[in-house]
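Contents: one structure, followed by commentary.
Numbering (the numbering used here), first residue to last: 28 to 291.
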């Protein structure tokens, strides 16, 4: 079992005796939005609240899997000219300051490729970053990246969606190690409407192919959605809704949302 899986299992067991819902919380923050300093302050506040998994998105001008709220924030963050090296070092400091949580770096292939994928894995490992999420990097084209991750103890985290063909979904699930990111529905992040997916059946199908922890995201913004994941998944991911709350009322509004979801 990978160290990230071990961490998730251990924290999930501890969660059973707390007053929170028996799911780990994974929150999404965009590095550099609205400023680098403000994003780091928000990350630190979330970690102080005991968020177990902090997903940090390195901004890109064309984040194709994201909805308008995150796209707009990424565009604003790009204007601040964030630097990958600075980002990794600052996340490393947060990881050292909050060893009871894990930090995952998410981003699109273009800026990571320009930085160098092998260098990215090496530097992430040096900073204690637990995993890397690259939505537009297919597992089938990621041989060297996977070898680099395995060699440095960094988990490559893959995504599946309800639209993933059954054979490919099974293949990705079988090869998942640290955790598997399960998009709860087709489309981009932050949609409030759209066709309802047979979530229980979808997650049950995934579970048939993997023992890796399942993280479910895209569209989570109400407590009943989180409650519906209990017993089916290990982690609830809150992204666009958290950003919308932050935009509306700053850190306090973001924390109020997480409290309403039973995640802090």
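Cβ coordinates follow ideal geometry from the N, Cα and C atoms, glycine included.
Other residues of its chain near residue i: CB distance less than 8 angstroms, five sequence neighbours each side excluded
i	result
residue 47	289, 290 and 291
residue 208	160, 184, 185, 186, 187, 242, 244 and 264
residue 119	153, 154, 155 and 156
residue 158	31, 129, 131, 132, 181, 182, 183, 184, 205 and 206
residue 173	166 and 183
residue 109	58, 59, 63, 85 and 86
residue 191	199
Option in the options with minimal Cα separation from residue i
i	options	result
residue 264	182, 192 and 247	247
residue 127	273, 287, 38 and 232	38
residue 236	272, 82 and 197	197
residue 52	81, 97, 94 and 63	81
residue 277	50, 56 and 42	56
residue 74	63, 54 and 93	54
residue 125	78, 169, 261 and 287	78
Buried versus exposed, by CB contacts within 10 Å (16 or more), residue i
i	result
residue 225	exposed
residue 279	exposed
residue 44	exposed
residue 211	buried
residue 268	buried
residue 140	exposed
residue 89	exposed
residue 29	buried
residue 41	exposed
residue 239	buried
residue 95	exposed
residue 100	buried
residue 266	buried
residue 91	exposed
Sequence-distant residues of its chain with Cβ nearer than 7 angstroms to residue i (five each side left out)
i	result
residue 103	60 and 61
residue 227	259
residue 117	67
residue 71	121
residue 106	none
residue 223	Confidence is the limiting factor: at residue 223 the pLDDT is only 46, short of 50, which leaves the residue's position unreliable, though a coordinate-based value still follows. Result list for residue 223: empty, nothing under 7 angstroms.
residue 142	111
residue 134	84, 85, 87 and 161
residue 203	185, 237 and 239
residue 201	236 and 237
residue 256	50, 243 and 263
Contact set for residue i: own chain, Cβ-Cβ below 6 angstroms, skip 5 residues either direction
i	result
residue 285	291
residue 272	280, 281 and 284
residue 76	291
residue 145	175
residue 229	189
residue 274	none
Below-8 angstroms beta-carbon distance, residue i vs any chain C residue
i	result
residue 117	Going by chain labels, chain C is absent from the structure shown, which holds only one protein chain.
Inset, instruction - Pair every Cβ in the region 163-179 with every Cβ in the region 105-119, then say whether three or more of these pairs are closer than 8 angstroms. - result: no
Inset, instruction - Would you check if there are 3 or more beta carbon pairs closer than 8 angstroms linking the region 245-259 to the region 29-45? - result: no
Legend entry - 3 or more residues per run - each beta strand (DSSP E) lying fully within the region 37-103: 51-57 and 80-84
Legend entry - Whole beta strand (DSSP E) elements within the region 168-206, 3-residue minimum: 182-187
Legend entry - the region 169-189 / the region 144-153 touching (three or more Cβ pairs under 8 angstroms): yes
Inset, instruction - Report the residue ranges of all alpha helix (DSSP H) runs contained in full by the region 110-164; include only those spanning at least 4 residues, in chain order. - result: 111-124, 136-142 and 144-153
Inset, instruction - Starting from the N-terminal side, write out each stretch of the alpha helix (DSSP H) that is 4 residues or longer and does not extend beyond the region 205-286. - result: 226-234 and 250-254
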